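Those letters in the sequence shown? Residues 68 to 259, by my numbering.
Yeah, the Cβ is synthetic: ideal placement off N, Cα and C, and Gly gets one too.
In this text the structure is predicted, and so the values were computed from the model without any measurement.
The structure appears right after this line, and notes come after that.
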Amino acid sequence: MIDFKSFPGYGMNLPAYRVRLRDPNADDAARIYQWRREERIRAHQPLTSLSIEQIRTDLERTSSNRLPDYTRDRFQWIIERVSDNLAIGWITLSIRTWEHLIGEIGYSISTDFHQAGYGTEALRLILQKAFYEAQLYRVEAKCSVQNTASYKLLEKAGFIREGVLRGYFNIRGFRVDHYLYSMLRTEFVGDF
Ligand SMILES: CC(C)(COP(=O)(O)OP(=O)(O)OC[C@H]1O[C@@H](n2cnc3c(N)ncnc32)[C@H](O)[C@@H]1OP(=O)(O)O)[C@@H](O)C(=O)NCCC(=O)NCCS
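Right, dumping it as structure tokens:
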């Protein structure tokens, strides 16, 4: 078992971050419901229509996100601005296999808060959780080839584009090619 605390840089710079990741609560269901309706959040994601109640049920399953937890394969946090505790988005970690220590991240930030660097900070925070706390070896992310904001964010964070998944998700009736990105633990350690 890896002692994540022995990794260089664990937790460093966190006080300087403008966002934190907190566990979701029932009140977040209405927020996520509204965010999922925003045009820029829907544009490149295969988001199905969910009621507030369905979202609340999903949040109950992820109301506590202690890592690692080998009984679960999905974790989710609210991205909260530190200065005023304002919820500005949400971010997920899905475990593809605990055996091989592979996870996948997904993220959305409410439109009013785009292009302010919050996504970059939230991504670094979830990578700390994924690599140091969950002790994953590989973290993947997929995004539509049309989702410039998402792949710029991933590349800025150091993700490597591995290829194109042809006709991957059905987004609003069209099969859309997606990029597959990944980062390995060995690439992340030393970034902080
Ligand atoms: C993807 C997303 C999370 C990015 O969050 P963000 O807080 O705006 O990102 P940042 O401000 O940290 O920007 C990161 C980099 O991406 C670039 N970028 C962000 N939005 C961009 C856009 N619309 N067009 C081009 N580049 C963009 C930034 O310029 C920045 O690089 P730089 O600092 O070198 O200039 C946000 O656009 C979003 O929530 N989109 C809708 C949901 C979504 O598509 N999620 C991803 C599904 S795969």
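Run the CB neighbour count on residue i, radius 10 Å, all protein chains shown included, and call it buried at 16 or more, exposed below.
| i | result |
| --- | --- |
| residue 234 | exposed |
| residue 223 | exposed |
| residue 175 | buried |
| residue 188 | buried |
| residue 199 | buried |
| residue 97 | exposed |
| residue 150 | exposed |
| residue 120 | exposed |
| residue 147 | buried |
| residue 131 | exposed |
Just how far apart, CA to CA, sit residue i and residue j?
| i | j | result |
| --- | --- | --- |
| residue 258 | residue 122 | Note on residue 258: pLDDT 44, under 50, position unreliable in the model; no value is reported. |
| residue 173 | residue 127 | 18 Å |
| residue 177 | residue 155 | 6 Å |
| residue 192 | residue 83 | 12 Å |
| residue 206 | residue 160 | 9 Å |
| residue 102 | residue 168 | 30 Å |
| residue 231 | residue 113 | 17 Å |
| residue 252 | residue 87 | 22 Å |
| residue 129 | residue 241 | 31 Å |
| residue 124 | residue 117 | 11 Å |
| residue 211 | residue 221 | 12 Å |
| residue 141 | residue 162 | 6 Å |
| residue 185 | residue 195 | 16 Å |
| residue 95 | residue 181 | 19 Å |
| residue 115 | residue 165 | 27 Å |
In the DSSP output, which residue or residues are listed as bridge partners for residue i?
| i | result |
| --- | --- |
| residue 88 | 146 |
| residue 230 | 247 |
| residue 236 | 243 |
Exercise. Scan the stretch 148-228 and note each continuous beta strand (DSSP E) run of 3 residues or more that stays entirely inside, going in chain order.
Key: For the stretch 148-228, the continuous beta strand (DSSP E) assignments of 3+ residues that do not extend past its boundaries occur at 153-164, 169-176 and 205-211, in sequence order.
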